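Enquirer: My structure is below; once you've seen it, I'll send some questions.
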Amino acid sequence: MKQSHSNMKWCCVAVPMLFAAQMAFGQTRTITGKVTDANREPLAGVNVVVKGTQKGTMTNADGSFTLTVPDGKSEIEASFIGFTTQTITLGSSNQVSIRLEDEMSDLDEVVVVGYGTMRKSDLTGSVKAINSEDFKVGSNLNSQQLMQGQFAGVNITMNSGKPGGTSAIRVRGGNSINAANDPLYVVDGIPLNYNSAGNKLKISSDVQTDVFDMEGDDPLSMIDPDDIESINVLKDASATAIYGSRGANGVIIVTTKKGRKGVKSLSYGYNIGWSVAANKLDVLDADGYRNAIAKVNAELAAESKSPVSLNDGGTDTNWQDEIMRTGVSQAHHISMMNSGNGTSYRASLSYNDQNGIIKNSYNESYNGRVNINHSALDDKLKLDFNLAYNEQHASQAPVSGTVGSEYGSCALYEAYVFNPTLPVKDATGDYVDVPPLRVNPVSFVDEVKDKRATRKFIGNFSADWNFWGPLTAHANLGYTYNSINRESYIPKGNLFGAGLNGYSSIQKLEDYSKLMDLILKYNQKFGDHYVDAMAGYSYQYFRNAGNFMSAQGYTTDAFNYNYIGAASTFNNPYSYKSSNKLISFYGRVNYNYANRYLMTVTARSDGSSRFGEDTKRGFFPSMAASWRITQEDFWDFEVMNDLKLRYSWGITGNQEIPNYLSLNTLSPTNSGYIFGSVKYTSVLPSQFPNPDLKWEETTQNNIGIDFGFFDSRLRGSFDWYSKKTDDLLLWVDVPAPSLITRMMANVGSVENKGFEIEIGGDIIRTSDWTWTASINMSHNENEVTSLSGNGWTGDDVLTAPCQGQGLSGSYSQRIKEGYSIGTFWGREFTGIVDGKETFRKNEDGSDWIGEIGCAMPDFTYGINTSVRYKQWSMGIVMRGSIGNEVYNCTANNLMYTSNLPGRNVLKDAVSSGIAYSESKAFSSRFVEDASFFRLDNLNFGYDFKVDALKIAKARATFSIQNLFVITDYSGLDPEVSTVISNDGIATLGMDYLSYPRSRTFSLGINVTF
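Using this note's numbering, the first residue of the sequence shown is number 1, and each one after it goes up by one.
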């Protein structure tokens, strides 16, 4: 009985103690607080975590947060990009106030360079960066357009205004003539291989047209702008030589957003935009057309000639309005971020439905991305896995930059020239055409089908192992894939396909690449001496393939491109497959003494299968040095906190030419031989081998200065550079009696030199107001210094062929020693006398022919500013160019009344004073000054204060893209496409029937939970 009583006593004591212990073990406290900056302005999106754990949260729009802290934990940590991380020790109060200080300065910003990162203050080369906070995103902006106006020396021109259209990017001018001038793109450590030139297609051997051109590729189209963390542009040889033979045209490094430790968030964004044509051609309306023909007939009567007839349909049709519309576009983006147990990830999905301003043109894009990061072994082992997929479905209106033939034509050309007195359809509901050449433009966009499906994949896995003190091993495995499927059909009853009785084509392009990088990194500090070195090996394999088939003669339109076998006539099919390899060894050493004297030395040896047996390997060295004068003991000018002098020199290469040009190749012919009852295809040499073919090499010098005043509130840089490219890869004529008339050889040199200026600053920085602004400007001089070399004497290269009836067969540009690439060459227009164009004459009375303009600008500039007042914000992006000319080939076609009555003309053609009998001619009359100033993007934003539904932040935006442009150019837009002409040479400054640019108004909302 006593024992039982004793047990009961212990139970009465133990049970309450166990409950108390359990409660103590599971006890937590809830901390609430607010995070502000140095000016006591609330900071949204700050990561607040319990130190030593993965438990965390994020501040909302007014900087507030709530965090559950386990018992036994007394410290929390607040971190945010651009601010110094703060650790707060908790006291007895459950409320805290946290003030984050700006990081030391703009100089401590980390920028991405080739195969690594560096502090901005430690850079010796010319590297410029923007991050996600700098982006002014509108509903139709793609990742390339985010860079417009942001970098000095980086010229970005839209190739087309069509949905999903691409842009041409040039860094410090053009280095090459036949090889590519595009920069190398590197996304999360993976160099991208892409086709920027596009492809020219033919309907048949008898009917040639460029209506079905395959436009060049946009290497960043698979990246949603909301997924980009930063874009870094490497410009001088010190920065780009680490990429060797792929770095001559500059390098653009894109880093996507990753998961962050202690951050858990879900974000959703939605944009809707309305696009309208920013400009239209001023052609004759119905009354003007009738009056013009009457004027022509009066002129003919005075010359006792027969009048022209007027096919008057009795209506007034604006054909541009008939094929255009307001394009409505929508974009959705959702992303998720989380972390735990050493692993963090960020995943995103996006959908963009962009409808063009020309009917039946659209581009649907789907993007998916996941980035996973894992740390182990006390952060000595870091693993990264990045995977992205993009799929696009486009309907392309039959609009092209080059018509190629009157028989082919295109929808825009027909909208400009079609008889404005005719209706769209006749009384029976059929489209009104004017045989044999004029095609109803509405039937063009309604009936001609041109579908394109693109699929892209990029993935990589990398590992960093800090296996001993200063040594870290890095491995990176990458894979990219790109495919394009294009299907086109012209109905049998459409006049465009007259004589073809229905035409279909199917095309497929496919390429993939594999990458392996193995790198050993060394990082060590010895007192005031700091060494950061690396050595690596790289293997890259590229393969591309394609096929094209077409047929004509259908009994019904029901099959179109879905069953090409239903046709009666099959054109010669075409297919190809090729591959190349690039094997490289490279290294870099960065040396820093007391943050005062800095030096960088790099070297890379590339071996490419594209070149001759004895010239496959190239060596590309560089060096750079800089002096931070403000770190010297004698410096006592406190107002100026940063002054750094830089010099760099280096050699880079260019290998972007087709495969197998150093080899003798064979191709089948259309004919063959019959032996017995079997037909054998004949094979003939198709290419003259050049075993001495080697790299283009660009040697570049750069002198720069970086400066900062008032703790870098006012900052900037100045760079002067000189680049010379030798051993240009050019097509040369092979002398008789060779059956093959051309081969590629290393011939000639091109030189670029110029300067770049960037100035930016924080004009106002208070608790309620901030105002930042920046301006950049660049000047580049381009000159072809030689078109001879290695035993070859080159002739002037004629390029930029004129287009349109009466102009085809002539060229508007000439590549010539002593002149810039993009130089217009022809007769100098002096006026109109007695109804005829007059031109400058030589002493012997012949027409003077020479330089009449240049497509290269003298100066380009960008202006960016942003203003914030409390929760309101505004951003403006402006840019322009000075001194560049454009050949207005469209006006050259439409400025002559001799077009009438078969083709409409511009209104100015009637009052130009040119006689009806005068024929078209290329001259300086149509080479116009295309200098411009454009307001690219105007955007407004408002950050809501939200405390409900666990919303961390919410923001609404309104933006206008391409608000206005100021220019004397008479065409649709002074910025014209950089297209590849049939001779394989990039054509600069030629305006002919390009898809019109739009003006877009958009609304957006972004919410983060």
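Where is the CB? At the ideal position from N, CA and C, for every residue including glycine. Nothing here was measured: the structure is a model prediction, and the numbers come from that model.
As a quick exercise: from L730, I130, S662 and R646, pick the residue whose alpha carbon is nearest that of G704.
Expert: Here residue 704 refers to the residue found at position 704 when the sequence shown is read from its first residue. Selected option, being the one with the closest Cα: R646.
Enquirer: Work out the CA separation of N249 and E77 for me, nearest whole Å.
Expert: Locating residue 77 in the sequence shown gives position 77, counting from the first residue. Locating residue 249 in the sequence shown gives position 249, counting from the first residue. If you take the alpha carbons of E77 and N249, they lie about 44 angstroms apart.
Enquirer: For Y416, tell me which candidate among T830, N440, A394 and K425 has the shortest Cα-Cα distance.
Expert: Within the sequence shown, residue 416 is the residue found at index 416, counting from 1. Nearest C-alpha to Y416: N440.
Enquirer: Output needed for R999: all residues of its chain with C-beta closer than 8 angstroms, excluding positions within five of it in sequence on either side, in chain order.
Expert: Locating residue 999 in the sequence shown gives position 999, where the first residue counts as 1. These residues qualify, in order along the chain: S275, V276, A277, A278, I960, Q961, N962 and L963.
Enquirer: Would DSSP call F611 helix, strand or coil?
Expert: The sequence position of residue 611 within the sequence shown is 611, counting from 1. The answer is coil: DSSP assigns F611 none of H, G, I, E or B.
Enquirer: Among the residues of its own chain, which have a CB less than 7 angstroms from the CB of G174, if the five just before and after it don't count?
Expert: Translated into positions along the sequence shown, residue 174 becomes position 174. Excluding positions up to five away in sequence, the list reads N181, N782 and I821.
Enquirer: With three or more C-beta pairs closer than 8 angstroms as the rule, is the segment 492-505 touching the segment 540-555?
Expert: yes
Enquirer: For V276, which three-state DSSP category applies?
Expert: Taking the first residue of the sequence shown as position 1, residue 276 is located at position 276. Residue state for V276 is assigned as strand, using DSSP reduced to three classes.
Enquirer: To which residues of the same chain is K723 closer than 6 angstroms at the C-beta, ignoring the five residues directly before and after it?
Expert: Counting from one through the sequence shown, the residue named residue 723 turns up at place 723. Once the five neighbours on either side are set aside, the close Cβ partners of K723 are T698, Q700 and N752.
Enquirer: Who are the near neighbours of E928 in its chain, counting only those whose CB is closer than 7 angstroms to its CB and skipping five residues on each side?
Expert: Translated into the one-based positions of the sequence shown, residue 928 becomes position 928. If we look at E928 and ignore the five residues flanking it on each side, its Cβ neighbours are E885, V886, N888, Y969 and S970.
Enquirer: Leaving out the 5 sequence neighbours to the left and right, which residues in its chain are closer than 6 angstroms to A453 when beta-carbon positions are compared?
Expert: As a working note, residue 453 is residue 453 in the sequence shown. Short of 6 angstroms from the beta carbon of A453, and not among the five residues preceding or following it, lie these beta carbons of its own chain, in chain order: H393 and N485.
Enquirer: Skipping 5 residues on each side, what residues in its chain have a beta carbon closer than 7 angstroms to that of D206?
Expert: Residue 206 sits at position 206 when you count from the first residue of the sequence shown. At D206, the pLDDT of 38 sits below 50, so the modelled position is not reliable; the number obtained from the coordinates is stated separately. Counting only residues of its own chain and dropping the five nearest sequence neighbours on each side, D206 has no CB closer than 7 angstroms to any other CB.
Enquirer: Excluding the five sequence neighbours on either side, which residues of its own chain have a C-beta within less than 6 angstroms of the C-beta of A533, listed in chain order?
Expert: Residue 533 sits at position 533 when you count from the first residue of the sequence shown. These residues qualify, in order along the chain: Y522 and V589.
Enquirer: Between which two residues does the beta strand (DSSP E) holding S712 run?
Expert: Translated into the one-based positions of the sequence shown, residue 712 becomes position 712. Note, S712: premise wrong, no beta strand (DSSP E); not H, not E.
Enquirer: Inspect the beta-carbon positions of M58 and G45 and report whether they are closer than 8 angstroms.
Expert: On the sequence shown, position 58 is the one that residue 58 refers to. On the sequence shown, position 45 is the one that residue 45 refers to. Yes, the pair counts as a contact, with Cβ atoms nearer than the cut-off.
Enquirer: Is the beta carbon of N780 closer than 8 angstroms to that of R172?
Expert: The count along the sequence shown starts at 1 and reaches residue 172 at position 172. The count along the sequence shown starts at 1 and reaches residue 780 at position 780. In contact: R172 and N780 (Cβ atoms closer than 8 angstroms).
Enquirer: Compare the Cα-Cα distances from N790 to each of T665, A952, L515 and S749 and report the closest residue.
Expert: By 1-based counting over the sequence shown, the position of residue 790 is 790. Out of T665, A952, L515 and S749, S749 has the C-alpha closest to the C-alpha of N790.
Enquirer: Relative to the C-alpha of K128, which candidate in R325, L300 and D706 has its C-alpha closest?
Expert: If you number the sequence shown from 1, residue 128 lands on position 128. It is D706 whose Cα lies nearest to the Cα of K128.
Enquirer: Just the C-alpha distance for I882 and N460, rounded to the nearest angstrom, thanks.
Expert: For the purposes of this step, residue 882 is identified with residue 882 of the sequence shown, where counting begins at 1. For the purposes of this step, residue 460 is identified with residue 460 of the sequence shown, where counting begins at 1. Roughly 42 angstroms between the two C-alpha positions.
Enquirer: From A302, G165 and P420, pick the residue whose C-alpha is nearest to that of A286; which is it?
Expert: Within the sequence shown, numbered from 1, the residue matching residue 286 stands at position 286. Comparing Cα positions, the closest option is P420.
Enquirer: Closest by CA to G499, which one among L471, L437, G469 and D511?
Expert: Taking the first residue of the sequence shown as position 1, residue 499 is located at position 499. G499 has its Cα closest to that of L437, out of L471, L437, G469 and D511.
Enquirer: What does F620 pair with, by DSSP beta-bridge criteria?
Expert: The residue given as residue 620 occupies position 620 in the sequence shown. According to DSSP, which records beta bridges pairwise, F620 is partnered with R604.
Enquirer: Can R604 and I372 be called in contact, C-beta distance under 8 angstroms?
Expert: Here the question's residue 604 lines up with position 604 in the sequence shown. Here the question's residue 372 lines up with position 372 in the sequence shown. Their beta carbons are not under 8 angstroms apart, which means R604 does not touch I372 by this criterion.
Enquirer: Taking all protein chains shown into account, decide if P163 is buried (16 or more other Cβ within 10 angstroms of its Cβ) or exposed.
Expert: Looking up residue 163 in the sequence shown gives position 163. So P163 counts as buried.
Enquirer: Would you report the Cα separation of R543 and G244, rounded to the nearest angstrom?
Expert: Here the question's residue 543 lines up with position 543 in the sequence shown. Here the question's residue 244 lines up with position 244 in the sequence shown. Straight-line Cα distance between these residues: approximately 20 angstroms.
Enquirer: Out of C410, A473 and W468, which one is the CA nearest neighbour of G497?
Expert: Position 497 of the sequence shown holds residue 497. Comparing Cα positions, the closest option is C410.
Enquirer: What residue range does the beta strand (DSSP E) around Q1049 cover?
Expert: Because the chain in this structure spans residues 1 to 1009, residue 1049 falls outside the shown range and cannot be described.
Enquirer: Among A891, A921 and A915, which one has its Cα closest to the Cα of T897?
Expert: Position 897 of the sequence shown, counting from 1, holds the residue named residue 897. The shortest C-alpha to C-alpha distance from T897 to any of A891, A921 and A915 is the one to A915.
Enquirer: Excluding the 5 residues flanking T1008 on each side, which residues of the same chain have their C-beta closer than 6 angstroms to its C-beta?
Expert: One-based indexing of the sequence shown puts residue 1008 at position 1008. For T1008, same chain residues with a beta-carbon under 6 angstroms away, outside a window of 5 residues either side, are S265, S267, A952 and K953 in chain order.
Enquirer: Looking at the secondary structure, which residues open and close the beta strand (DSSP E) in which G459 lies?
Expert: Numbered from its first residue, the sequence shown carries residue 459 at position 459. K449 to W468 is the span of the beta strand (DSSP E), which, as asked, contains G459.
Enquirer: Counting Cβ pairs, one atom from each stretch, are 3 or more of them under 8 angstroms apart for the segment 350-370 and the segment 298-316?
Expert: no
Enquirer: Can the beta-carbon of V69 be found less than 8 angstroms from the beta-carbon of R119?
Expert: Within the sequence shown, numbered from 1, the residue matching residue 69 stands at position 69. Within the sequence shown, numbered from 1, the residue matching residue 119 stands at position 119. Not closer than 8 angstroms, so no.
Enquirer: Just verifying my parser: in three-state terms, what is the DSSP assignment at Q631?
Expert: Working through the sequence shown from its first residue, we reach residue 631 at position 631. If DSSP states are grouped into helix, strand and coil, Q631 belongs with the helices.
Enquirer: Which runs of the alpha helix (DSSP H), 4 residues or longer, sit entirely within the segment 327-410?
Expert: none
Enquirer: Buried or exposed: which applies to G831, given that a residue is buried once 16 or more other Cβ atoms fall within 10 Å of its Cβ?
Expert: Taking the first residue of the sequence shown as position 1, residue 831 is located at position 831. Looking at its Cβ environment, which holds fewer than 16 other Cβ atoms inside 10 Å, G831 is exposed.
Enquirer: Are the beta-carbon atoms belonging to A625 and T124 less than 8 angstroms from one another?
Expert: Along the sequence shown, read from residue 1 onward, the residue named residue 625 stands at position 625. Along the sequence shown, read from residue 1 onward, the residue named residue 124 stands at position 124. In this structure, T124 lies closer than 8 angstroms to A625 by Cβ.
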